[in-house]
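Taking the UniProt record's numbering, the leading residue of the sequence shown gets 1, the next gets one more, and so forth. Glycine included, each C-beta is placed from N, C-alpha and C at the ideal position.
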Amino acid sequence: IWGAENLELSFKTWMCGGTLEIVPCSHVGHIFRKHSPHFPYNGMTGVNVLKRNSVRLAEVWMDEYKVYYYDRIGHDLGNFGDVTLRKNLRKNLHCKSFKWYLDNIFPELFIPGDAVTSGAIGNDWSGLCIDSACCKSTDWRKPVGLYPCHKQGGNQFWMISKQGEIRRDEPCLDFTGGEIILYPCHGRKGDQYFEFDYKNKRIKIGVRNQCLAISKDKKRLTVNECNANDATQNWEIQSLEDKRVATHR
Numbered sequence: 001i002w003g004a005e006n007l008e009l010s011f012k013t014w015m016c017g018g019t020l021e022i023v024p025c026s027h028v029g030h031i032f033r034k035h036s037p038h039f040p041y042n043g044m045t046g047v048n049v050l051k052r053n054s055v056r057l058a059e060v061w062m063d064e065y066k067v068y069y070y071d072r073i074g075h076d077l078g079n080f081g082d083v084t085l086r087k088n089l090r091k092n093l094h095c096k097s098f099k100w101y102l103d104n105i106f107p108e109l110f111i112p113g114d115a116v117t118s119g120a121i122g123n124d125w126s127g128l129c130i131d132s133a134c135c136k137s138t139d140w141r142k143p144v145g146l147y148p149c150h151k152q153g154g155n156q157f158w159m160i161s162k163q164g165e166i167r168r169d170e171p172c173l174d175f176t177g178g179e180i181i182l183y184p185c186h187g188r189k190g191d192q193y194f195e196f197d198y199k200n201k202r203i204k205i206g207v208r209n210q211c212l213a214i215s216k217d218k219k220r221l222t223v224n225e226c227n228a229n230d231a232t233q234n235w236e237i238q239s240l241e242d243k244r245v246a247t248h249r
């Protein structure tokens, strides 16, 4: 059953001595069916099969980095079966480590371990969490949403970088005076710089005296003048590692 085989082929090819070539004259096509004839499979939906295969992939190929994927799914691994044969295959092929893959094949990838902390960003007053509600670059530059906190990672999983960014891998929260949106991380702080005050539960926007808040109707993120008595500005980082978020200065 399909699911995550594209990643496994890439990891296995690069880590076990192969290469991938870009040939300008070649063409690759992929046609999706409207529905899969294989689901449900042994009582599992397509989503569950994909997660099961992804966990198996992480167990076999990602070494100590697998924990970052598990963070994204709330450490709900489920029953992913026996991967002993797959691990033995990797060992017998003398494949390189996943760190080698990151250092040599995909060095530009942001590693969650470089973050100050990670987890959901929840608002005490509303019970809502900041939710990206997207996973494709075509969804960037759109307002970031809110959704009841579910503690399952996914679209509510954020990483707080040492540069004061609130990011989801490539895109960061960005504020230029209008809506809070996702925008490609640029590393120059400015409109992507946030100060976290854990003690007072505030997320300050850059160098302004403005704080992240939720509208009174609980439908959207807003930015208002910082007010210690405004409960709509109360935020907590629901870290999966129970770390405290330092105030960035």
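Residue i classed as buried or exposed, judged by whether at least 16 other C-beta atoms fall within 10 angstroms
i, result
"G190", "exposed"
"P112", "buried"
"N209", "exposed"
"L109", "exposed"
"L93", "exposed"
"A58", "buried"
"V60", "buried"
"W158", "buried"
According to DSSP, residues forming a beta bridge with residue i
i, result
"D197", "R202"
"R167", "M159, C172"
"Q238", "A120"
Coil, strand or helix - residue i by DSSP
i, result
"E5", "helix"
"A58", "helix"
"A231", "helix"
"G190", "helix"
"D131", "strand"
"G145", "strand"
"T182", "It is Leu, not Thr, that sits at residue 182 in the sequence shown. Correct three-state label for L182: strand."
"W14", "helix"
Start and end residues, beta strand (DSSP E) containing residue i
i, result
"N123", "115-123"
"N224", "221-225"
"C211", "210-214"
"P107", "Where P107 is concerned, there is no enclosing beta strand (DSSP E), given that its DSSP letter is neither H nor E."
N-terminal and C-terminal residue of the alpha helix (DSSP H) that residue i is part of
i, result
"V67", "66-72"
"L102", "98-104"
"L89", "84-92"
Rounded distance between the beta-carbons of residue j and residue i, thought under 8 angstroms
i, j, result
"K201", "N234", "4 angstroms"
"I73", "G153", "5 angstroms"
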